[in-house]
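Here UniProt numbering is used: the first residue of the sequence shown is 1, the next is one more, and so on.
Glycine included, each C-beta is placed from N, C-alpha and C at the ideal position.
Since this is a predicted model, take the numbers as computed values, not measurements.
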Amino acid sequence: MNYSKYLWGISLLSSTSFAESMMYETIDIYDVVGDDFKNKNILIKEKKQSNNIADFLKDDPEITIKRKSNYGDNGDTLLIRGQGGNRIALNIDGHNINSLGQMGGSYIDFGTISMDNIEKIEVLKGGSSVEYGNVLGGVINAYTKSPEEKPYFSIYGTLGGWDADNYYNIRTSYSQRFGNFGISIGASHQESDEYLWNNDYKSDSISAKLYYFTPNDGELSLGIIHSDTTRGVVKTNRQSTNPNTPLYNQKISNKYPLSLGETFAGESGANRAFSVVGEGANSNKRKNLFDIAYSQPINKNLTIDLSAYANREDRDEKNYADTSLVGGTSLNNGDLVMQRDIEMDRSYGYKSKATITLDNHNILLGVQRRVLRSGENVINFINTQYNGNAGGGGNKNNSVGIVNEGTDIQLDGIFISDTYFLNEKLELNIGARYDNYEIDMPNGGETFTQSEDKISPKLGLVYTPNAKDSYGIYLYQMFRAPGATEAYHYTVGRDALSELESKNLKAEKADALDLIYRHSFSGRSIFQASIFYYDVDDYLLFKTPISGGRYAYNVDNATFFGVSMNSFYEINDYFALKGGFSYQEAKKEGDALDPNNRMDKLDYIPDLKINAGFEWKVTPKIKTDFLVTYIGERYYQRTIDDVEKLSGYTTVDASVQYELAKGAVVELYAENIMDENYEEVFGYPTAGTIIGASFKYVF
């Protein structure tokens, strides 16, 4: 399907106002005001664990959660319409905080971004907005609470656990405006025991934003987010990496469930100091995220917005000896065998945009630049006796010092849009976005370079026949540049496999269609249905051939189709029903490493997701929440010749909330009440039933 010849006849662009009215889905975090059910006097969104942004999105029928563990998973844990962290963007107050991943994999590390003083989350599905480039799945925008003259303070805490293992999370925020100045701050602390072997977790975060409000309604802000997170690397809990082999370490199997374990990213499995995880192995990650923004109305028809950000992320990794798995050494269990420091992220970017209102037109135009840059990867220590000999040129025994100097990717974008109100019922959104990228990556004694550009047209039409019904249709194109991790693993695969040596690295280019219908009932009741279809040329995959290794390359084409419905209906002031449904199908073609089409599906996308439940206000101060969720079967191509099927599963969650006083709510909750045994990621069982309590106070 190619819409280009239809779209190029018009000046094409997506519009911010259209996205806000139809494509955005907004979650308000703080809901502790009012005196009745409609005004939500008891918390609705901030419930159960509520540890990070992903927890607020997991019930959406078009969003899939895939975690190795409930706490501290720094993998690619969230998919929007089948697209993972390298194809979606997470912004906090416009500041992009996607993790580069270096050699491991690009992802969004939700665990290092707490909810300290976040008050609202918006989800834009797809790539219909011109303002956000380099995405396929969508954009998650989180916003901190803007200060007002009345002081605002909140404290939230939750604790719970599974079996004898526990977790807790506490966070607080404060904001206030003092004349032309304002402040918004937040802090949090999280800890979790190990559920899988060695995957304990601890994280501290603090955020602060200073504001200056100009006399002519402008706003200048300066912000910083700091986090310090230590995560235990999951230790293999079976003697065989074949999941169908029933052998495992009997000594520890009664304490920790069987799992496949992890390795330190980007290294050959034969290097045992990186691939054989010992007790106490951990990754310590320190993030500092800086941003500055200025918004200024010039007159009633023109507003200028300027913003810039810088990310600094460092990771220190340590591994310790396990002499039961690596014998023939003079080491003792727990001896240090590897330490390395990685300058994970040195990215920065800036954006300027103008919003113009002229008669029946709302015009948006702007430019932006993002420089995705990683720093040095330094091995400080490696025990050569423990490490052995990887062979094939992959041995790391002589690699103490700087291993590589990182990657530099420059992304430039220019965007313009016009929302044209044809009449009271019909709204046209037209425009285009221009994107260009350049990759500069050290590769052995050479430098790998790559560049590409594209203009992506966008078109939207919204029909609102009455106050309750809206219909929307989008036709648009998307463009996504390869990331640093994909470029690195592409060069490795190109040099290692004959099937890939003639394939060039290409950007992804997609034609897309979105259809949306929304109906509003009285009160908060709403029904929404959507259909989406993506046709993506040169889709980038990570795959492992039977011979081993992990390589990135383009397949010829991938298609994504989905149908979803979501509803919330208040029967009366005390009882409301809620439910959602989605069917998704994703397929690939032209896979050079899978010429026999061993699997034509794409990893981890469920065919069905269904949830249904209710909210019941038992008394003016007591409310219950109940939800049943079914996730359909998923597939995972572990190696080219090894396709794993993950069975569907059903979970039941429930909670009871009690309003102690105005602004104070306590909750008891249980997740996976039926103790369903399932996996979100192949080889990593979930924790089973979780029981906990939370408290929230806002004044």
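On the three-state DSSP scale, how would you describe residue i?
i, result
"GLU679", "strand"
"VAL492", "helix"
"ALA687", "coil"
"GLU62", "coil"
"ILE113", "coil"
"SER399", "coil"
"SER129", "coil"
"ILE379", "strand"
"ASP418", "strand"
"PHE56", "helix"
"ALA481", "coil"
"ARG272", "helix"
"SER188", "strand"
"SER259", "coil"
"ALA432", "strand"
"GLU122", "strand"
"GLU486", "helix"
"PRO442", "strand"
"ASN199", "coil"
"SER498", "coil"
"PHE264", "coil"
"ALA281", "coil"
"ARG550", "coil"
"PHE695", "strand"
"ILE92", "strand"
"ASN70", "coil"
"THR77", "coil"
"ASN404", "strand"
"LYS425", "coil"
"residue 702", "No statement about residue 702 is possible, as the shown extent of the chain runs from 1 to 699 and does not include it."
"VAL652", "strand"
"LEU513", "strand"
Would you check if the distance between the CB atom of residue i and the CB atom of residue j is smaller than 7 Å?
i, j, result
"THR384", "ASN397", "yes"
"VAL665", "PHE415", "no"
"PHE448", "THR485", "no"
"ASN333", "ALA273", "no"
"ALA507", "ALA481", "yes"
"SER188", "PRO147", "no"
"ASN166", "THR144", "no"
"LYS454", "PHE479", "yes"
"ARG518", "SER582", "no"
"ASN282", "GLY328", "no"
"ILE170", "GLY157", "yes"
"GLY472", "ASN429", "no"
"ARG340", "ILE379", "yes"
"LEU646", "ARG638", "no"
"ASP514", "TYR539", "no"
"LEU90", "ILE97", "yes"
"TYR294", "LEU222", "no"
"ASN271", "ASN141", "no"
"ASP76", "GLY82", "no"
"SER347", "LEU331", "no"
"GLN450", "LEU505", "yes"
Kindly identify the DSSP beta-bridge partner or partners of residue i.
i, result
"TYR386", "Bridge partners of TYR386: none, in fact."
"ASP506", "Before going further, note that residue 506 is Lys rather than Asp in the sequence given. LYS506 is not bridged to any residue."
"TRP616", "PHE575, THR624"
"PRO215", "Bridge partners of PRO215: none, in fact."
"MET674", "DSSP output for MET674 lists no bridge partner at all."
"ASP607", "Bridge partners of ASP607: none, in fact."
"LYS145", "Bridge partners of LYS145: none, in fact."
"TYR168", "LEU159, GLU191"
"TYR636", "GLU644"
"residue 701", "One cannot answer for residue 701 here, as it falls past the ends of the chain, which runs 1 to 699."
"LYS458", "GLY431, TYR476"
"LEU220", "TYR212, TYR294"
Taking one C-beta from the region 668-679 and one from the region 113-133 each time, how about it: are there three or more such pairs within less than 8 Å? no
Continuous beta strand (DSSP E) assignments of at least 3 residues falling wholly in the region 558-602: 575-589
Examine the Cβ distances between the region 492-502 and the region 459-478 and report whether three or more of them are shorter than 8 Å. no
Beta strand (DSSP E) runs contained entirely in the region 287-369, provided each spans 3 or more residues: 302-320, 336-345, 348-358
Can we say the region 587-594 touches the region 618-628, given the rule of at least three CB pairs closer than 8 Å? no
Would you say the region 63-83 touches the region 199-217, given that touching needs at least three Cβ pairs under 8 Å? yes
Is the region 308-326 in contact with the region 356-369, if contact means three or more CB pairs nearer than 8 Å? no
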